[in-house]
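Inspection log for the structure reproduced underneath, given as structure tokens.
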Amino acid sequence: MTDLSIAVTRPEVKGRSLWADARRRFMHNKAAVVGLIILSFVTLMCIGAPYLGLHDPEEVDWSLEQLSIPPNFELGYYFGTDQNGRDLFVRTLYGGQVSLFVGFVATMVSLLIGTLWGATAGFLGGRTDGAMMRIVDIFYSLPFIFFVILLSATLGPQARQFFGSDMVLIYLAIGAVSWLDMARIVRGQTISIRRKEFIEAAHASGVSNWRIITRHIIPNCLGPVVVYMTLTVPAVILTESFLSFLGMGVQEPNSSWGMLISEGAKSMDIAPWAVVFPSAVMVVTLLALNFVGDGLRDALDPKDR
Amino acid sequence: MSAPLLSVNDLKVHFDVGRKGLFGGGSSAIVKAVDGVSFDLKPGETLGLVGESGCGKSTLGRAILRLLPLQGGRTVWLGQDLSKLEPNAMRNLRREMQIIFQDPLASLNPRMTVGQIIAEPMTTFQPNLKPAEVKDKVKAMMAKVGLLPNQLNRYPHEFSGGQCQRIGIARAIINNPRLIVCDEPVSALDVSIQAQIVNLLMDLQQEMGMSLIFISHNLAIVRHISHRVMVLYLGKVMEIADRDSLYTNPLHPYTQALNSAVPVPDPDIEQNKARIVLKGDLPSPLNPPSGCPFRTRCPKATEICAQVMPDLVSAGRDHMVACHHAGPIA
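Protein chains in written order, with our numbering: chain V, 1 to 305; chain Z, 1001 to 1330.
Following this line, the structure appears as structure tokens:
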């Protein structure tokens, strides 16, 4: 007790937060770090594709003896060309832009709406909770494909007029569905946290409900949320690919991974590279995402502490 | 006698634990956790609250702070009826009343630094304070409760249980409250730490003049810190008296039994002292006994106890007891 007066003048000690602990654990997980590196590499390549001095993604190379050629490093066609004579490598990168962007946007939407919705429902409880979660149930019970077809049939022309493409509808449709799981997860977390004593302490200190949700509840359910987020991204990318495969997603001349695979599959027996390379890139990316998710789960799981 | 800081009148907290059917049916079951408790608390006074597990001590503490809804009764704070206050007015009053919890670590948000935790009650009421002022005040509070002020950027999990309880105390006193409800603040701590925390609370009370409601199982600690002591059983007050008369001259059979169960740190006396051993367990609060709730385990129970709940009547200066057969140990 006597050294208190000396300690007042001592420099402040830096604390080690739970996040810092988790980061350290994550960095010790080799698979997760490799996943993160691959993911960053793919993302950077996709974003930087226009500046790499590659072929134009829409340019058809008429000088080839046949339009679709296997990988040829001399001509700079690393993945070969598709059946229209366009550079598959560039198209894969540009397609990656769309796929990753859809994944990112839909995940952000799900993060924002899902977290707030779930935390509010779980925190307020009672009738409010019941009503909010029934809305989630109703959204859940909508057949997703039917919902997308309906959207593009009714709003497609308007969307193309306003935004120049109906990609917006895809974001809208995927976003509208992907926050539901997040809301449920956050609600469950919130209910388990809301009876904790530190929430009661905040109440007793006169902290408003909104600040309790944003300062105390949401930061404490972020662990599972971050993990679930890394699992949402691949799920959304797959959904987008699926829609594009069905012809309801991205339209020509744009591309996405799903569309490239769909096109490649048509000429699989004569030009296998057209389906193999886009698929391989997508699989590697999704695998990397899942490794990162696993690593995050291990790093944030309180049971390991 | 000065005017009471807090005056609790016939306070009732009931919980409906019954299952509700989809269409309004279903069984209803009501736990009367606190049932008609009245007492006054003077400024600067410490009221000890003792009783078995499940007798409503913690519920009473939270109900006083209006952290739980009341089913009846009034809590009057400096002449102001709290149950009639608007939520906003109530929130403003919260700077005057605080609570310290049983589990020191669980009462601190694991994602916030100790500095943020301690500052929260203050920044809630004075959102315009400059960060530097907040920091100075927090450091002063940390020094006051015996923590190293340079550790304000650390997180709760980096502290021991006793230190966490000190953090909880610092958070409670930062707004200079007039009342602190201490909900078993030391029962999760090591014995040597218990003494430190209790003495810290007593020192702070002397310095800042706040009232304490001290909830505990531990009769020895309650005796050490309290000016008056209230004994609860199944949500009802059995006996309330100033410390010395309650410990030296308990009039309620339940208080006498509790008192005789306190271990004495001397093996010879401990072996030969007369112990009143109660039979059975605490009755289910869902279905409390008729009349006096204690009659099923009371050595003095007679027929009238099953029929009439005894009133809390005066039995001497500052001594009230609720028993048909109140009297010193035979």
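Where a beta carbon is used, it is the ideal one built from N, C-alpha and C, also for glycine.
Query - Three-way DSSP call (helix, strand, coil) for Z/Leu-1098 in this model - result: For the record, residue 1098 of chain Z in the displayed sequence is Gln; it is not Leu. Z/Gln-1098 falls in the strand class under three-state DSSP.
Requested in this report: May I ask you to report which of helix, strand or coil DSSP gives V/Leu-39?
Outcome: Of the three classes helix, strand and coil, the one that applies to V/Leu-39 here is helix, per DSSP.
Query raised in the report: Given that a residue counts as buried once 16 or more other Cβ atoms are within 10 Å of its Cβ, and exposed if not, what is Z/Val-1321?
Result: When all chains shown are included, Z/Val-1321 counts as buried.
Query - CB contact below 9 Å: V/Gly-126 versus chain Z - result: Contact with chain Z is absent for V/Gly-126, since none of that chain's Cβ atoms lies less than 9 Å from the residue's Cβ.
Requested in this report: Would you please state the rounded distance, in angstroms, between the beta carbons of Z/Ile-1215 and Z/Lys-1057? I believe it to be under 8 Å.
Outcome: Indeed, because the Cβ distance is near 5 Å, the residues count as touching under 8 Å.
**Report entry** Exposed unless 16 or more other CB atoms sit within 10 angstroms - verdict on V/Trp-210
**Finding:** Classification of V/Trp-210: exposed, given that the 10 Å Cβ count is below 16.
Report task. Pick out whichever of V/Ile-185, V/Tyr-77, V/Pro-71, V/Ser-279 has its Cα sitting closest to the Cα of V/Glu-59. Result -> The shortest C-alpha separation from V/Glu-59 is found at V/Tyr-77.
Query - Which of helix, strand or coil DSSP assigns to Z/Thr-1113 - result: Z/Thr-1113 falls in the coil class under three-state DSSP.
Query raised in the report: Does the region 148 to 157 of chain V come close enough to the region 78 to 96 of chain V that 3 or more CB-CB pairs lie under 8 Å?
Result: The way I'd put it, the region 78 to 96 of chain V doesn't touch the region 148 to 157 of chain V; fewer than three beta-carbon pairs between them come closer than 8 Å.
Query raised in the report: What did DSSP end up calling V/Val-236 once you bin it into helix, strand or coil?
Result: It is helical.
Query raised in the report: Comparing the C-beta of Z/Pro-1121 with each C-beta of chain V, is any distance below 9 Å?
Result: So yes, Z/Pro-1121 belongs to the interface.
Query raised in the report: At which residues does the beta strand (DSSP E) containing Z/Thr-1075 begin and terminate?
Result: In the DSSP assignment, Z/Thr-1075 falls within the unbroken beta strand (DSSP E) covering 1072 to 1077.
Report task. Could you check which residue in Z/Ser-1007, Z/Pro-1289, Z/Val-1017 has the C-alpha nearest to that of Z/Asp-1030? Result -> Checking the sequence shown, residue 1030 of chain Z turns out to be Ile, not Asp. Selected option, being the one with the closest Cα: Z/Val-1017.
Query raised in the report: With a Cβ-Cβ cutoff of 9 Å, do Z/Val-1198 and Z/Val-1181 count as a contact?
Result: In this structure, the beta-carbon distance from Z/Val-1198 to Z/Val-1181 does not fall below 9 Å.
Query raised in the report: At a Cβ threshold of 9 Å, is V/Leu-18 touching chain Z?
Result: Using a Cβ-Cβ cut-off of 9 Å, V/Leu-18 counts as an interface residue toward chain Z, since at least one Cβ of chain Z sits closer than that to its own.
Requested in this report: Could you have a look at V/Asp-129 and say whether DSSP puts it in helix, strand or coil?
Outcome: Correct three-state label for V/Asp-129: helix.
Query raised in the report: What three-state label does DSSP hand Z/Val-1277 in the structure shown?
Result: Residue state, collapsed to three classes: coil.
**Report entry** Per-residue contacts from Z/Asn-1153 into chain V (C-beta, under 8 Å)
**Finding:** Neighbours of Z/Asn-1153 on chain V, chain order: Glu-12, Val-13, Lys-14, Gly-15.
Report task. Would you mind reading off the limits of the beta strand (DSSP E) that contains Z/Asp-1242? Result -> Unbroken beta strand (DSSP E) run through Z/Asp-1242: 1236 to 1242.
Query - Cα-Cα separation between Z/Arg-1091 and V/Val-109, rounded to whole angstroms - result: Roughly 34 Å between the two C-alpha positions.
Query raised in the report: Between the beta-carbon of Z/Val-1231 and the beta-carbon of Z/Val-1050, is there less than 9 Å?
Result: Against a cut-off of 9 Å, the Cβ pair of Z/Val-1050 and Z/Val-1231 comes out as a contact.
Query raised in the report: Taking the alpha-carbon positions, what's the Z/Leu-1152 to Z/Val-1114 distance?
Result: Taken atom to atom, the span from the alpha-carbon of Z/Leu-1152 to that of Z/Val-1114 is near 5 Å.
Requested in this report: Let me know the secondary structure DSSP gives V/Val-250 once reduced to three states.
Outcome: V/Val-250 falls in the coil class under three-state DSSP.
Query raised in the report: Does Z/Thr-1190 come within less than 9 Å of chain V when only Cβ atoms are used?
Result: Reading off the sequence, residue 1190 of chain Z comes out as Asp, not Thr. Using a Cβ-Cβ cut-off of 9 Å, Z/Asp-1190 does not count as an interface residue toward chain V, since no Cβ of chain V sits closer than that to its own.
Query raised in the report: Does the pairing of the region 1235 to 1254 of chain Z with the region 1198 to 1207 of chain Z give three or more beta-carbon distances under 8 Å?
Result: With a cut-off of 8 Å, the region 1198 to 1207 of chain Z and the region 1235 to 1254 of chain Z do not count as touching, because too few Cβ pairs lie within range.
**Report entry** Between the CA atoms of V/Met-268 and V/Trp-359 - distance to the nearest angstrom
**Finding:** There is simply no residue 359 of chain V to check, as chain V begins at 1 and stops at 305 in what is shown.
Report task. Output yes or no for whether 9 Å exceeds the beta carbon distance between V/Glu-12 and Z/Asn-1218. Result -> No, the pair does not count as a contact, with Cβ atoms beyond the cut-off.
Query raised in the report: Going along the region 1108 to 1119 of chain Z in order, which residues come within less than 7 Å of chain V, judged by CB to CB distance?
Result: Listed by position, the residues of the region 1108 to 1119 of chain Z near chain V (Cβ gap below 7 Å) are Leu-1108, Asn-1109, Pro-1110, Arg-1111, Thr-1113.
Query raised in the report: Do we get a CB-CB distance below 9 Å when we pair Z/His-1320 with the residues of chain V?
Result: In the sequence as presented, His is not what sits at residue 1320 of chain Z; that position holds Met. The beta carbon of Z/Met-1320 does not come within 9 Å of any beta carbon belonging to chain V, so the residue lies off that interface.
Query raised in the report: Would a check of beta-carbon distances place Z/Ile-1099 closer than 9 Å to chain V?
Result: It does: the Cβ of Z/Ile-1099 has a partner Cβ on chain V nearer than 9 Å.
Query raised in the report: When the Cα atoms are used, what is the spatial distance from Z/Met-1112 to V/Pro-219?
Result: When rounded, the distance between both Cα atoms is 9 Å.
Query raised in the report: How about V/Thr-2: is its C-beta nearer than 9 Å to some C-beta of chain Z?
Result: Reliability of the predicted coordinates at V/Thr-2 is poor, the pLDDT of 46 falling under 50, and no value is obtained from them.
**Report entry** Boundaries of the alpha helix (DSSP H) in which V/Ser-110 is found, first to last residue
**Finding:** Note, V/Ser-110: alpha helix (DSSP H), 88 to 124.
Query raised in the report: Can you tell me the Cα-Cα spacing of V/Pro-278 and V/Trp-257, whole angstroms?
Result: Answer to the nearest angstrom: the Cα atoms are 6 Å apart.
Query raised in the report: What residues are listed by DSSP as bridge partners for Z/Asp-1016?
Result: Beta-bridge pairing links Z/Asp-1016 to Z/Ile-1030.
Query raised in the report: Taking just the CA atoms, how far does Z/Leu-1060 sit from Z/Pro-1004?
Result: Rounded to the nearest angstrom, the two C-alpha atoms are 18 Å apart.
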